[in-house]
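Residue numbers (this note's numbering): 981 to 1466.
By construction, the Cβ of each residue, glycine as well, lies at the ideal position given by its N, Cα and C atoms.
The structure presented is a predicted model; accordingly, all values stated were derived computationally and were not measured.
Notes follow once the structure below has been shown.
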């Protein structure tokens, strides 16, 4: 009997802790249980039960855990918050919350699911619940309510090879030079950019994915295939069709930040405004496209103070296999919009893994691998991106040059690559000789060889200077097909 009583007490304690945390999160985000100088109360509890009558654990003997109904500035229902105890998964209340939202009023399109520690935001008009780290503010939800994405409009948007060129110079084909032998010079002078066939295929793949109800996409594109130009086309498509009001472009290096912002200005400045965040800290909201390195907003979790989850409707992660790792993933998941990843080398940590077995034997390892998997992050099955265009495709179509394989193995690298590894005898602190064995994974991590690096560099430079293809590239005589540009 005592054991049963202790279990009941522990359960009630978890429920109480969850309620206290949820109430604090609501108040921190500007929601009010009572009238105050800041405004009228904008939280209703299920059945109009007064908060003082609920007790510490906020239990309702009639209906189980109490739901919160969050109202807009006019007092109309805006969002349902379905609360669970700390021991339960917030997603367990998903369908219950949906029913409650429908019964609360036809305009209730938002749901928050929380157990005090884990929280999800669910826009019923935009796919599935998304993990959040804090609750949205009342004014942000009201603003977000005015945002009504239209997947059909996005799917029906006509995107041809001149989609970006029309933004650069809408009437480019009315110039006489377009129809004579000056066409190529005219394109170069005006810096017009045309989408290649595979770039169009990638755009259409995203349109089809949106039509299927997906809100995450992964483009696996080889280096040199023009991912920034492709991103510009996708950004224009989302902004033009009203499926995004503002776009966040995340990179992990300063050079990529500068390059991305410059290209977006070159491609889209006639239609949309682009800014680098650290250059426009006080007025970034005036811009349609915000480019930033993850590091600029990651320190001390600055992004939590700088942005609200609803500030961006399309978040693009460049070099996604890197930029979503570590703290970058928390930033990426913080925002609620459509998510797009760009990478030439996605990480597939679930490849050849028996998910069912690992789920039973080592659930933490499965969770770790799932979080690291580029495919899973962007809503794709293992090994199946939304669209793929790899090096061999680019070489076959004539857009990329195949790599030149040069054999410059040394005795050391040959042994490093062998199963036995490279053995080195060394005198440590004691006078006795000890043997260290290095494998291929140790090369340039634990084992360094100046002579080997010298041979690599010498071989590379000699072949680059001797190879005719490389020389032509250096002189700029190798160019893309006539009207296409990367």
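Exercise for the section: For residue 1017, count neighbouring C-beta atoms within 10 Å of its own C-beta (all shown protein chains included) and say buried if the count is 16 or more, exposed if not. Expected result: Residue burial is scored here from C-beta neighbours: residue 1017 has fewer than 16 other C-beta atoms within 10 angstroms and is therefore classed as exposed.
Practice task
Using three-state DSSP, classify residue 1176 as helix, strand or coil.
Solution key: DSSP places residue 1176 in coil when its eight states are reduced to three.
Handout entry: Residue environment, residue 1207, which counts as buried when at least 16 other CB atoms sit within 10 Å
Key = buried
Handout entry: Residues near residue 1118 in its chain [Cβ-Cβ closer than 8 Å; skip 5 each side]
Key = 1009, 1010, 1011, 1022, 1050, 1052, 1053, 1058
Exercise for the section: May I have the straight-line CA-CA distance separating residue 1250 from residue 1209, to the nearest angstrom? Expected result: 15 Å
Practice task
Give a yes or no on contact between the stretch 1264-1273 and the stretch 1220-1229, applying the rule of three or more CB pairs nearer than 8 Å.
Solution key: yes
Problem - Neighbour-count burial assignment, residue 953, 16 or more Cβ in a 10 Å radius - result: This structure does not reach residue 953, given that the chain is present from 981 up to 1466, and the question cannot be answered.
Problem - Assigned secondary structure, residue 1005 (DSSP; H/G/I helix, E/B strand, else coil) - result: helix
Practice task
State whether the stretch 1072-1079 contacts the stretch 1138-1157, with contact taken as three or more CB pairs (one from each stretch) at a distance under 8 Å.
Solution key: Judged by Cβ distances under 8 Å, the stretch 1072-1079 makes no contact with the stretch 1138-1157, as fewer than three pairs qualify.
Practice task
Report yes if the C-beta distance between residue 1366 and residue 1301 is below 7 Å; otherwise report no.
Solution key: no
Handout entry: Identified DSSP bridge partners for residue 1110
Key = 1101
Exercise for the section: Go to residue 1057, then tell me how far its alpha helix (DSSP H) extends in each direction, as first and last residue. Expected result: Here residue 1057 belongs to no alpha helix (DSSP H); instead the beta strand (DSSP E) covers 1057-1063.
Handout entry: Nearest neighbour of residue 1142, chosen from 1216, 1286, 1361, 996 [CA to CA]
Key = 1216
Handout entry: With 16 other Cβ atoms within 10 Å as the buried cut-off, status of residue 1315
Key = buried
Practice task
Please name the residue in 1125, 1418, 1384 whose C-alpha comes closest to that of residue 1394.
Solution key: 1418
Practice task
Return the CA-CA distance between residue 997 and residue 1071, expressed in angstroms with no decimal places.
Solution key: 18 Å
Exercise for the section: Just the C-alpha distance for residue 1396 and residue 1211, rounded to the nearest angstrom, thanks. Expected result: 41 Å
Practice task
Going by DSSP, name the residue or residues bridged to residue 1201.
Solution key: According to DSSP, which records beta bridges pairwise, residue 1201 is partnered with 1369.
Problem - Local conformation of residue 946 per DSSP, three classes - result: Any question about residue 946 goes unanswered here, given that the chain covers just 981 to 1466.
Problem - Burial state of residue 1441 (16 or more Cβ within 10 Å) - result: exposed
Practice task
Answer yes or no: do residue 1256 and residue 1237 have a C-beta to C-beta separation smaller than 7 Å?
Solution key: yes
Problem - Beta-ladder partner(s) of residue 1231, from DSSP - result: 1273
Handout entry: Neighbourhood of residue 1186 by C-beta distance below 7 Å, restricted to the same chain and skipping five residues each side
Key = Its chain contains 1197, 1214, 1366 as the residues whose beta carbon lies nearer than 7 Å to that of residue 1186, once the 5 sequence neighbours on both sides are disregarded; these appear in chain order.
Exercise for the section: May I have the straight-line CA-CA distance separating residue 1098 from residue 1166, to the nearest angstrom? Expected result: 56 Å
Handout entry: Cβ contact check for the stretch 1317-1326 and the stretch 1276-1296: 3 or more pairs under 8 Å
Key = yes
Handout entry: Through-space distance from residue 1000 to residue 1042, alpha-carbon basis
Key = Any reading at residue 1042 must be qualified, since the residue scores a pLDDT of 46, below 50, and its modelled position is unreliable; the value itself is stated next. If I take the Cα positions, the gap works out to 21 Å.
Handout entry: Between the CA atoms of residue 1048 and residue 1469 - distance to the nearest angstrom
Key = Outside the displayed range of the chain (981 to 1466) lies residue 1469, so it cannot be described from this structure.
Problem - Close Cβ partners of residue 1465 (< 6 Å) along its chain, the five nearest in sequence each way excluded - result: Confidence at residue 1465 is low in this model, with a pLDDT of 37, below 50, so the placement of that residue is unreliable and no value is reported for it.
Problem - Euclidean distance between Cα positions of residue 1003 and residue 1013 - result: 9 Å
Practice task
Tell me whether the beta-carbon of residue 1120 lies closer than 7 Å to the beta-carbon of residue 1279.
Solution key: No, the Cβ-Cβ distance between residue 1120 and residue 1279 is not below 7 Å.
Problem - DSSP state of residue 1299 mapped onto helix, strand, coil - result: coil
Problem - Residues near residue 1158 in its chain [Cβ-Cβ closer than 8 Å; skip 5 each side] - result: Once the five neighbours on either side are set aside, the close Cβ partners of residue 1158 are 1152, 1166.
Problem - residue 1131 beta carbon less than 7 Å from that of residue 1190 - result: One thing to note: residue 1190 has its Cβ within 7 Å of the Cβ of residue 1131.
Practice task
For residue 1354, name the three-state secondary structure that DSSP assigns.
Solution key: It is helical.
Exercise for the section: Please classify residue 1405: does DSSP put it in a helix, a strand, or coil? Expected result: strand
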